[in-house]
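In what follows, a structure is listed as structure tokens, so that the remarks can point back to it.
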Amino acid sequence: MPEAPIAEAVPEAPIAEAVPEAPIAEAVPEAPKAEAAEEPELTPEEELRRLIADQAADQARGDVGLTDVEPGLDNILNLPEFQSAIADASDAFARLQNIESPKNIAGTPGGEPATSGWSGDKIGATEQAGVEGAEAGHETAPHPFDPPDAEGMYENSHSERQKAAGTSDQIFASSKVMCPTCQDWFSQRAGLEAMPQFIGDPSGVHVFMPNGSHSLIPHPSGAETMFRR
Numbered sequence: 000m001p002e003a004p005i006a007e008a009v010p011e012a013p014i015a016e017a018v019p020e021a022p023i024a025e026a027v028p029e030a031p032k033a034e035a036a037e038e039p040e041l042t043p044e045e046e047l048r049r050l051i052a053d054q055a056a057d058q059a060r061g062d063v064g065l066t067d068v069e070p071g072l073d074n075i076l077n078l079p080e081f082q083s084a085i086a087d088a089s090d091a092f093a094r095l096q097n098i099e100s101p102k103n104i105a106g107t108p109g110g111e112p113a114t115s116g117w118s119g120d121k122i123g124a125t126e127q128a129g130v131e132g133a134e135a136g137h138e139t140a141p142h143p144f145d146p147p148d149a150e151g152m153y154e155n156s157h158s159e160r161q162k163a164a165g166t167s168d169q170i171f172a173s174s175k176v177m178c179p180t181c182q183d184w185f186s187q188r189a190g191l192e193a194m195p196q197f198i199g200d201p202s203g204v205h206v207f208m209p210n211g212s213h214s215l216i217p218h219p220s221g222a223e224t225m226f227r228r
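All residue numbers for the sequence shown refer to numbering that gives the first Met the number 0, where the first residue is 0 and numbers rise by one.
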């Protein structure tokens, strides 16, 4: 019986040569970050002078923190009752005395003036301003001059808020340009009480409407509107 043919051996496939791995790039060390220089602690007098300078710079740039006025508001402001309130706020500003004081002075038509701060009998109005602001939706910011465990005390002691707290008054005056935090406080107050607020200051008469709009009207009383130090 013939032998079966022997199958030829199949040549093995050549073994692929190992591809050398790419060298791992060495990590480049990060450049050391420059440490932020600590701002030197200011005295109350220096802090006040800086605040005044910042307000003056804002006014020079035309930045008074105004929100857009909705169409039709000009017509509302021309109503007799609004014109009367604007004039009263301007007159209250013109009658403020001792405006050279480093502390802001606030007043109302025919009322006694108030200065910023929370010492003595001012503490009640300051705390009430904080309560009413929180109720209206205003959020205070911490300040270096706040007492321990009393965040917002410095801000709430602003004299405009002291004159408004605990009252239903709508017309006020401030010897210095309203700071942005007080502008927000009165804007929130207008919304909560559903009544416009009128505040005369060196830049004009601020009108805060319940709908959140805010406009600045030139002084109709001819009051001195230069920035007051």
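Think of the CB as a built atom: it goes at the ideal place given N, C-alpha and C, for glycine as much as any other residue. Only a predicted model underlies this, so the values are computations on that prediction, with no experimental measurement involved.
- Message: For residue 69 and residue 119, what's the separation of their Cα atoms in angstroms?
- Response: Legend: pLDDT at residue 69 = 49, less than 50; position of this residue unreliable, value from coordinates given subsequently. Those two C-alpha atoms are separated by around 42 Å.
- Endpoints, alpha helix (DSSP H) assigned at residue 84: 79 to 93
- Query: If you follow the beta strand (DSSP E) that residue 206 is part of, which residue opens it and which one closes it?
  - Reply: 203 to 207
- Query: Along the chain, where does the beta strand (DSSP E) that runs through residue 144 open and close?
  - Reply: Where residue 144 is concerned, there is no enclosing beta strand (DSSP E), given that its DSSP letter is neither H nor E.
- Exposed or buried, which one is residue 233 when buried takes at least 16 other CB atoms within 10 Å? One cannot answer for residue 233 here, as it falls past the ends of the chain, which runs 0 to 228.
- Message: Please report the distance separating the alpha-carbon of residue 153 from that of residue 179.
- Response: 14 Å
- Take every Cβ of the segment 75 to 95, pair it with every Cβ of the segment 148 to 165, and state whether three or more of those distances are shorter than 8 Å. no
- Item | Unbroken alpha helix (DSSP H) run spanning residue 173, endpoints | Careful: residue 173 lies outside any alpha helix (DSSP H), inside the beta strand (DSSP E) at 170 to 173.
- Task: Look up residue 114 in the DSSP assignment and give the residues it is bridged to.
- Result: 104
- Task: Can you say whether residue 96 is buried or exposed, counting buried as having 16 or more other CB atoms within 10 angstroms of its CB?
- Result: exposed
- Shortest alpha-carbon distance to residue 170 belongs to which of 189, 103, 128? 189
- Item | Same chain, Cβ closer than 8 Å to residue 87, neighbours up to 5 away in sequence not counted | 108, 170, 197
- Query: residue 139: which of 194, 151, 115 sits nearest, CA to CA?
  - Reply: 151
- Query: In whole angstroms, what is the alpha-carbon distance linking residue 192 and residue 134?
  - Reply: 11 Å
- Task: Less than 8 Å between the CB atoms is what I'm expecting for residue 137 and residue 184, so what's the real figure, rounded?
- Result: 5 Å
- Message: Here's the rule: buried if 16 or more other CB atoms are within 10 angstroms of the residue's CB, otherwise exposed. What is residue 122?
- Response: exposed
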